[in-house]
Amino acid sequence: MRKKWIINILIIIFIYTIITLLMHFGVIDDYVKLNIFLILINIMLAVSLNLINGITGQFSLGHAGFMAIGAYTTGVLTTNFTLPFYITMIIGGILAMLFGFIIGLPVLRLKGDYLAIATLGFGEIIRIIIQNIEYLGGASGINDIPQGLDWTSFYVITLITIIIIVNIIKSSYGRALIAIREDEVAAEAMGINTTFYKVLAFMIGAFFAGIAGSVYSGYFGYIQPDIFNFFKSIDILVIVVLGGLGSISGSIISAIVLTLISAYLQEFPQVRMVLYSVILILIMLFRPQGLLGTKEISLANLFLRKKLGGGNNA
Amino acid sequence: MWTFLQQLINGITLGSVYALIALGYTMVYGIIKLINFAHGDVYMVGAYIAFICVVYLHMGFLPALIISMVFCALLGVIIEKLAYKPLRNSSRISVLITAIGVSLLLENLMQIIMGADSRVFPKVVADNNYKLFNNHLLISNKQIYMIIITIILMILLNYVVKNTKMGKAMRAVAQDSDAARLMGINVDTTISFTFAIGSALAAAGGVLVGLYYVSINPLMGVLPGLKAFVAAVFGGIGIIPGAMLGGFSLGIVETLVSGYGSSMYKDAVAFAILILILLVKPTGLLGKNIKEKV
Numbered sequence: 025m026r027k028k029w030i031i032n033i034l035i036i037i038f039i040y041t042i043i044t045l046l047m048h049f050g051v052i053d054d055y056v057k058l059n060i061f062l063i064l065i066n067i068m069l070a071v072s073l074n075l076i077n078g079i080t081g082q083f084s085l086g087h088a089g090f091m092a093i094g095a096y097t098t099g100v101l102t103t104n105f106t107l108p109f110y111i112t113m114i115i116g117g118i119l120a121m122l123f124g125f126i127i128g129l130p131v132l133r134l135k136g137d138y139l140a141i142a143t144l145g146f147g148e149i150i151r152i153i154i155q156n157i158e159y160l161g162g163a164s165g166i167n168d169i170p171q172g173l174d175w176t177s178f179y180v181i182t183l184i185t186i187i188i189i190v191n192i193i194k195s196s197y198g199r200a201l202i203a204i205r206e207d208e209v210a211a212e213a214m215g216i217n218t219t220f221y222k223v224l225a226f227m228i229g230a231f232f233a234g235i236a237g238s239v240y241s242g243y244f245g246y247i248q249p250d251i252f253n254f255f256k257s258i259d260i261l262v263i264v265v266l267g268g269l270g271s272i273s274g275s276i277i278s279a280i281v282l283t284l285i286s287a288y289l290q291e292f293p294q295v296r297m298v299l300y301s302v303i304l305i306l307i308m309l310f311r312p313q314g315l316l317g318t319k320e321i322s323l324a325n326l327f328l329r330k331k332l333g334g335g336n337n338a
Numbered sequence: 254m255w256t257f258l259q260q261l262i263n264g265i266t267l268g269s270v271y272a273l274i275a276l277g278y279t280m281v282y283g284i285i286k287l288i289n290f291a292h293g294d295v296y297m298v299g300a301y302i303a304f305i306c307v308v309y310l311h312m313g314f315l316p317a318l319i320i321s322m323v324f325c326a327l328l329g330v331i332i333e334k335l336a337y338k339p340l341r342n343s344s345r346i347s348v349l350i351t352a353i354g355v356s357l358l359l360e361n362l363m364q365i366i367m368g369a370d371s372r373v374f375p376k377v378v379a380d381n382n383y384k385l386f387n388n389h390l391l392i393s394n395k396q397i398y399m400i401i402i403t404i405i406l407m408i409l410l411n412y413v414v415k416n417t418k419m420g421k422a423m424r425a426v427a428q429d430s431d432a433a434r435l436m437g438i439n440v441d442t443t444i445s446f447t448f449a450i451g452s453a454l455a456a457a458g459g460v461l462v463g464l465y466y467v468s469i470n471p472l473m474g475v476l477p478g479l480k481a482f483v484a485a486v487f488g489g490i491g492i493i494p495g496a497m498l499g500g501f502s503l504g505i506v507e508t509l510v511s512g513y514g515s516s517m518y519k520d521a522v523a524f525a526i527l528i529l530i531l532l533v534k535p536t537g538l539l540g541k542n543i544k545e546k547v
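The listed protein sequences derive, respectively, from chains A and B.
If you read the first sequence in the working numbering, its first letter stands for residue 25, the second for the next number, and so on.
If you read the second sequence in the working numbering, its first letter stands for residue 254, the second for the next number, and so on.
Shown next, in the form of structure tokens:
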């Protein structure tokens, strides 16, 4: 167990060092850098949505709404009140979490398709309201948000997100969430307070979506309501489903793969979307559980297995 | 007073389109419990087919409407056979995501074929405005067409569902598909038939909107599609009269909100209504409450 821990830390540091060095020596240009940041944001969004959709089995389609709350909190507080970014990020996350609570408490009584439609509706309502508030810049958004996020802080924020969510899943809370996913009625009969756990998962997911939105505005420096529309929610959902509902490593891998694919096809946006949808349909037809299903793979395990294998041979 | 009545007329016109799309949603949901996300895009395809018929093939309005309905009926059946039928026994989430995939596919294929910009729907019907009650009320012949065509289609649908063998099979499958299969009903054919009818109705809605609002574009189906679903849930999903009631009510509420409040919020109001209804009466206005069995 301890060995796995050390290897994980080594891998995390290794990835960080490599990319930092590549950036330092200019091998990674601005365009690649932009895509690395997009990947990190997508990882945060996908992992947090996976906690709601994959682990708890509550089909939410309003993630972009929570992202918008975080993004606009940072946008307003840094430009109009000149608060430091990190404080606005936390406030943005907490605000998104509060909305998650207000929305989740009544809506999570619904099941399946109805829940999906209700959360979709909420996401759209949040966006439409933001769009109509003059103070928030209306449809043209906020343009001059101070940009102060560097690669290190970006990497650390993403890591913290992943670590917290993985630890929640591995805790007794996580087992309760999985029990709810597998059979809500049985979970309730076993004494799990399903409302509490469902709302909790929803709030945590919303919190990190808010953080991701906040990071988005802190990095790009401009936000518009249209960035956070229904298609953004679907984009995140596609990443989660493609990686496998319930697999955090799957979400991470598919966030990387899908962001790279869409960056590669950026010049033909329509072909990109056609391919995107065809891939989506084919995966659902041939592998409805996603690429990894609910399985997890970890680099540490791969390394350890290699070592064990070597030991046996010798 | 007159403004209110005027808004009411406009609302009924808009509502007739929602009702047409909502009928397809509600029938498909009633029979296989699937939110057919691609339904709004079938409506968009319908508008484009009519556009092509009128502009490139120089047809009149009625032939274009009928061709578009037939084409979309086929499209609906093809979508069902290719994308939804293989997933009959999978989890609901994977079917819903396939539906989202089909929706994105139709939108983007149409953008590639016809371009992403809005097109002007040709004037196939001469503009005529009728002034009633000393110019207090204004009703255009297009509005009259829309309402009349919608009512004719609804009467036809009602006849098919109530009085034909296929309609009986549809109702039986919606009740209990396994029992229906045991009774010798071909469930697959029945489902395909449901998709065909629903898609044809959506196509009619698309053509009428093209006629009324003059402009069509590849993403025109997204919002009306979602709102038609709201309408279907409003009336009680799976119930055909419920979809009509929901469609007309939503259209009227929306025009009243844009007339008296702000048109910016009309989309938000639709979703707010949906959420309220789901919370208060999850089975919709005309729905019966069915207890979940464990």
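Just so it is clear, CB atoms sit at the ideal spot from N, CA and C, and this is done for glycine as well.
Which of the three DSSP states, helix, strand or coil, is assigned to residue i?
i	result
residue 194/A	helix
residue 319/A	coil
residue 84/A	coil
residue 157/A	coil
residue 341/B	coil
residue 267/B	helix
residue 311/B	coil
residue 507/B	helix
residue 272/B	helix
residue 29/A	helix
residue 176/A	helix
residue 308/A	helix
residue 520/B	helix
residue 296/A	helix
residue 297/B	helix
residue 51/A	coil
residue 275/A	helix
In the DSSP assignment, what residue or residues form a beta bridge with residue i?
i	result
residue 393/B	382/B
residue 373/B	468/B
residue 166/A	247/A
Take residue i as the anchor and find which of the options has the nearest alpha-carbon.
i	options	result
residue 62/A	302/A, 315/A, 285/A	285/A
residue 579/B	358/B, 436/B, 376/B, 325/B	There is no way to answer for residue 579/B, as the model of chain B reaches only from 254 to 547.
residue 347/B	107/A, 77/A, 240/A	77/A
residue 457/B	278/B, 297/B, 259/B	297/B
residue 269/B	438/B, 465/B, 511/B	465/B
residue 124/A	198/A, 138/A, 142/A, 213/A	142/A
residue 233/A	28/A, 221/A, 182/A, 265/A	182/A
residue 493/B	254/B, 266/B, 257/B, 278/B	278/B
residue 473/B	459/B, 484/B, 436/B	459/B
residue 517/B	39/A, 280/A, 158/A	158/A
residue 195/A	91/A, 138/A, 225/A	225/A
residue 197/A	180/A, 316/A, 217/A	217/A
residue 311/B	292/B, 369/B, 375/B, 324/B	375/B
Given a cut-off of 9 Å, decide if residue j and residue i are closer than it, judged by their beta-carbon atoms.
i	j	result
residue 117/A	residue 252/A	no
residue 379/B	residue 290/B	no
residue 500/B	residue 275/B	yes
residue 186/A	residue 260/A	no
residue 149/A	residue 229/A	no
residue 288/B	residue 444/B	no
residue 219/A	residue 59/A	no
residue 506/B	residue 523/B	yes
residue 282/B	residue 490/B	yes
residue 314/A	residue 278/A	yes
residue 241/A	residue 166/A	yes
residue 271/B	residue 521/B	no
residue 151/A	residue 312/A	no
residue 355/B	residue 301/A	yes
residue 412/B	residue 397/B	no
residue 316/A	residue 267/A	yes
Just to check my reading of the structure: residue i and residue j have Cβ atoms closer than 8 Å, yes? What is that Cβ distance to the nearest angstrom?
i	j	result
residue 247/A	residue 99/A	5 Å
residue 455/B	residue 295/B	5 Å
residue 202/A	residue 79/A	6 Å
residue 451/B	residue 280/B	5 Å
residue 296/A	residue 306/A	Incorrect: roughly 16 Å between the Cβ atoms, too far for contact.
residue 102/A	residue 169/A	6 Å
residue 462/B	residue 440/B	Actually they are not in contact, since the Cβ atoms of residue 462/B and residue 440/B sit about 33 Å apart, beyond 8 Å.
residue 82/A	residue 139/A	6 Å
residue 539/B	residue 488/B	6 Å
residue 471/B	residue 360/B	5 Å
Against residue i, what residues of chain C qualify as contacts under a CB-to-CB distance less than 8 Å, listed in chain order?
i	result
residue 146/A	Although the question refers to chain C, the structure presented lacks it and instead comprises the protein chains A and B.
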